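Novice: One structure, pasted below without further comment.
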Amino acid sequence: MLILAWLLAIAGALVAFVVSLAGAMKTVPRLHWQEAIVAVPLPVLAAALALWCLLRPPPERAAPVLGASLALLIAFVTLLVMLMTYVEQPSGPI
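Just add 256 to wherever you are in the sequence shown, counting from 1, and you've got the working numbering.
Pasting the structure below:
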């Protein structure tokens, strides 16, 4: 599950980067919410999986706290980037 959280967090960050670049291009008048929402499911799913790895009872071996925390941090930063890309566009989010 932790590996899946990492894969989804990195894939979500890449998709969010592409969407934020599209929102920053001068040929795109503004980034509509329908276009921005594409980058949200992967980081949300990665965050949910990382939280699940952090909150479940630890197995006999040591809990992967650092790995899950970093995946959760990547997903959170990705969601913040998408939020800031959508809110700070020149024409406004509406």
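Ideal Cβ placement from N, Cα and C applies to all residues, glycine included.
Quantities reported herein were computed from a predicted structural model and do not represent experimental measurements.
Since Q290 is in the alpha helix (DSSP H), which residue starts that stretch and which ends it?
Specialist: Run containing Q290: W289 to A292, per the alpha helix (DSSP H) assignment.
Novice: Going by Cα to Cα distance, which pick from L305, A304, W289 and L322 is closest to A272?
Specialist: It is W289.
Novice: Could you check whether C309 and L260 sit closer than 7 angstroms to each other, using their CB atoms as the reference points?
Specialist: Going by C-beta atoms, L260 is not nearer than 7 angstroms to C309.
Novice: Quick check on M257: does DSSP put it in helix, strand or coil?
Specialist: In this structure, M257 counts as coil in the three-state DSSP scheme.
Novice: So, at 6 angstroms on beta carbons, what are the nonlocal neighbours of L264 in its own chain, with the 5 sequence-adjacent residues on each side left out?
Specialist: Excluding residues within five positions, the ones whose Cβ falls inside 6 angstroms are L298, L301 and A302.
Novice: If you follow the alpha helix (DSSP H) that V337 is in, where does it begin and where does it stop?
Specialist: Unbroken alpha helix (DSSP H) run through V337: V321 to V343.
Novice: Please name the residue, chosen from G268, W262, A292 and L328, that lies closest to M340 on a Cα-to-Cα basis.
Specialist: M340 has its Cα closest to that of A292, out of G268, W262, A292 and L328.
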